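Chains A and B, in that order, are what the protein sequence lines are. Heads up: the first sequence begins at 32 in my numbering, then just goes up one per residue. Heads up: the second sequence begins at 3 in my numbering, then just goes up one per residue.
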Amino acid sequence: MTLDPALPSDYLVGHVEDALARDPRVTEQGLRVEVTGIDHVVVVVTGVVVDPGHQVAIAEVIAELLPAAVVRDETTVADYPERDDPEVVS
Amino acid sequence: MIRVAAVGDIHLGAGSSGTYRPRLSHLADHADLFLLAGDLTQRGTEEEAEVVVSELADLPVPTFAVLGNHDHESDAAEALVDGLREAGVQVLEGSSVLCRVGDCTVGVAGVKGFGGGFPGRCASEFGEPEMKAFVRHTERTARDLTDALGSVGSADVRVALMHYSPVADTLKGEPCEVYPFLGSYLLAEAVDRSGVDLALHGHAHAGSPNGATPGGTPVRNVALPVIRRSYRLFCLDEGHLHEAAGAGPGLHRHQ
């Protein structure tokens, strides 16, 4: 499915966020999407993904929805240190 | 010029008999059509349905309604729909009507709608079957609205009637945490796709009266606690919306 890039940006945001949540290549629920651009659609994605492969897939999924869009992936990959200072619960 | 009176969330209970109809005594002086945006009952019981039917029977102008979530609470919505039909009120659900008012034709398409939220904070069809069913219901009702609006595409004026909101504008005043349970942007997309002149909804008692879809269609929250009068009036003239300050006997609250 492709989206009409002339749709109001709110609708493009909603559909791109939905695709990133549902598409089995991504399935990231918490990403934020912003659609900007005057002459051409620019899709900015922010948030944290759990796997570097998801960043590749984000570009693929958006390219399928909006083939002419420029994708700016500003997501980061989750990298959490192992906690070593225990909380003392009294 | 078409004059539309609209209200939602009248929430008539078993003890409301005789209390609502007097509020409509001047309806024919003000309006050519009367639209009800759901939650006609409090708990959707058959007893409440009888009250609603009695209060709305044989109104002097064509009257159309959608149901709301309260009207489904007791699994007796069919009795309400049947009773209203016999009383001259047509309930729209994924359906539409075409009326002639003077030289104009007005098409009214109605769905209950459903939740799901708005861009930036949307539910997605992912995870548990219950979550998927929730989102699919919204997607289906948005498709139904598109189809219903398409079937009155020849009308001079088109109105979309919903219970749930198509936009977040008219939810302002409600806690933002509950927005996903108050409406969905998919309804707005159906409205914009179809070239609607006015979109009406209820459901958000603490919301705001006025908003617009991303495509610029006027959206009005006509929930009774928002409009604080028996109905709100709209005049539609070949796509131009003129709004009266209000009509009907003043403040009228139900919970």
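By construction, the Cβ of each residue, glycine as well, lies at the ideal position given by its N, Cα and C atoms. This structure is a prediction, so every number in the text was calculated from the model and none was measured.
Open item on the list: For Pro227/B and Asp105/B, I'd like the C-alpha separation in whole angstroms.
Closed with: The alpha-carbon atoms of Pro227/B and Asp105/B are separated by roughly 34 Å.
TODO: For Ser126/B, decide whether its Cβ has a neighbour in chain A, counting only Cβ atoms nearer than 9 Å.
DONE: Ser126/B has a beta carbon lying within less than 9 Å of a beta carbon in chain A.
Task: Identified DSSP bridge partners for Phe66/B - done: Leu37/B and Gln92/B, per the DSSP bridge assignment.
Open item on the list: Residues in the same chain with beta-carbon distance under 8 Å from Gly46/B, minus the five sequence neighbours each way, listed in chain order, please.
Closed with: Within the same chain, Gly46/B has close Cβ partners His72, Asp73, His74, Glu75, Ser76, Asp77, Ala78, Ala79 and Leu82.
Open item on the list: Counting only Cβ pairs nearer than 7 Å, list the residues of chain A close to Pro216/B.
Closed with: Here the neighbours are Pro39, Asp41 and Tyr42.
TODO: Grab me the residues of Gly213/B's own chain with a C-beta within less than 6 Å of its C-beta, minus the 5 sequence neighbours each way, in chain order.
DONE: If the five residues before and after Gly213/B are omitted, its C-beta is found closer than 6 Å to the C-beta atoms of Val169, Asp171, Thr172 and Val221, all from its own chain and listed in chain order.
Open item on the list: Measuring straight from C-alpha to C-alpha, what distance separates Thr77/A and Val66/A?
Closed with: Roughly 12 Å separates the two Cα atoms.
- [ ] Output yes if chain B places a C-beta closer than 9 Å to the C-beta of Val76/A; else output no.
- [x] With 9 Å as the cut-off, Val76/A does not count as an interface residue toward chain B.
Task: Classification of Arg87/B by the beta-carbon crowding that lies within 10 angstroms, buried from 16 upward - done: With fewer than 16 Cβ atoms within 10 Å of its Cβ, Arg87/B is classed as exposed.
Task: Below-9 Å beta-carbon distance, Ala52/A vs any chain B residue - done: Cβ-Cβ to chain B under 9 Å: yes for Ala52/A.
- [ ] State yes or no: is the beta carbon of Asp259/B nearer than 9 Å to at least one beta carbon in chain A?
- [x] Nothing about residue 259/B can be reported from this structure: the residues present for chain B run from 3 to 257 only.
Open item on the list: Less than 9 Å between the C-beta atoms of Ala30/B and Pro62/B, yes or no?
Closed with: Closer than 9 Å, so yes.
Open item on the list: Below 8 Å on the Cβ atoms is my contact criterion, and I expect Ser186/B with Gly85/B to pass it. Report the Cβ-Cβ distance as a whole number of Å.
Closed with: Not quite, the Cβ-Cβ distance comes to about 29 Å (not below 8 Å), so this is no contact.
Open item on the list: If we define contact as Cβ-Cβ less than 9 Å, is Gly91/A a contact residue for chain B?
Closed with: The amino acid occupying residue 91/A in the given sequence is Glu; Gly does not appear at that position. No, Glu91/A does not count as interfacial toward chain B.
- [ ] With distances taken Cα to Cα, identify the nearest neighbour of Tyr42/A among Leu188/B, Phe66/B and Ala150/B.
- [x] Minimum Cα distance to Tyr42/A is reached at Leu188/B.
Open item on the list: For Tyr111/A, count the other beta carbons within 10 Å of its own beta carbon; 16 or more makes it buried, fewer makes it exposed. Which is it?
Closed with: So Tyr111/A counts as exposed.
Open item on the list: Please identify the residue among Glu245/B, Ala190/B, Gly204/B and Leu243/B whose C-alpha is closest to the C-alpha of Ala225/B.
Closed with: Here the closest residue by C-alpha is Gly204/B.
Open item on the list: Would the stretch 54 to 64 of chain A count as touching the stretch 140 to 148 of chain B if we require 3 or more Cβ pairs under 8 Å?
Closed with: No: the two stretches stay apart, fewer than three of their Cβ pairs being nearer than 8 Å.
TODO: For Val81/A, collect the residues of the same chain with a Cβ closer than 7 Å to its Cβ; drop the 5 residues on either side in sequence, then sort them by chain order.
DONE: Excluding residues within five positions, the ones whose Cβ falls inside 7 Å are Ala109.
Open item on the list: Can you check which of these residues, Val198/B, Tyr166/B and Lys174/B, is closest to Leu184/B by C-alpha distance?
Closed with: When Val198/B, Tyr166/B and Lys174/B are compared, the shortest CA-CA separation from Leu184/B is found for Tyr166/B.
Task: Reduced DSSP secondary structure (H/G/I, E/B, other) of Phe120/B - done: Note: Phe120/B maps to strand in three-state DSSP.
TODO: List the residues that DSSP assigns as beta-bridge partners of His242/B.
DONE: Residue pairing from DSSP places His242/B in a beta bridge opposite Asp239/B.
- [ ] Could you check which residue in Gln92/B, Gly129/B and Ser27/B has the C-alpha nearest to that of Thr58/A?
- [x] Nearest C-alpha to Thr58/A among Gln92/B, Gly129/B and Ser27/B: Gly129/B.
Task: 9 Å Cβ cutoff met for Ala111/B and Ala150/B - done: A contact, by the Cβ cut-off of 9 Å.
Open item on the list: Between which two residues does the alpha helix (DSSP H) holding His203/B run?
Closed with: That residue, His203/B, is in no alpha helix (DSSP H); its beta strand (DSSP E) goes Leu200 to His203.
Open item on the list: Run through the DSSP bridge pairs and tell me what Ile4/B is partnered with.
Closed with: Leu238/B.
Task: Sequence ranges, beta strand (DSSP E) only - wholly within the stretch 65 to 90 of chain A, length at least 3 - done: For the beta strand (DSSP E) assignment, the uninterrupted runs of no fewer than 3 residues enclosed by the stretch 65 to 90 of chain A are, from N- to C-terminal side, 73 to 80.
TODO: May I have a chain-ordered list of the beta strand (DSSP E) segments no shorter than 3 residues that lie completely inside the stretch 172 to 224 of chain B?
DONE: Those beta strand (DSSP E) runs which fall completely within the stretch 172 to 224 of chain B and span 3+ residues are 200 to 203, 212 to 214 and 220 to 223.
- [ ] Classify Met32/A as helix, strand or coil using the three-state DSSP reduction.
- [x] Judged by DSSP in its simplified three-state form, Met32/A adopts coil rather than helix or strand.
Open item on the list: Using only CA atoms, which one of Ser196/B, Glu176/B and Leu200/B lies nearest to Arg234/B?
Closed with: When only C-alpha atoms are compared, the closest one is Leu200/B.
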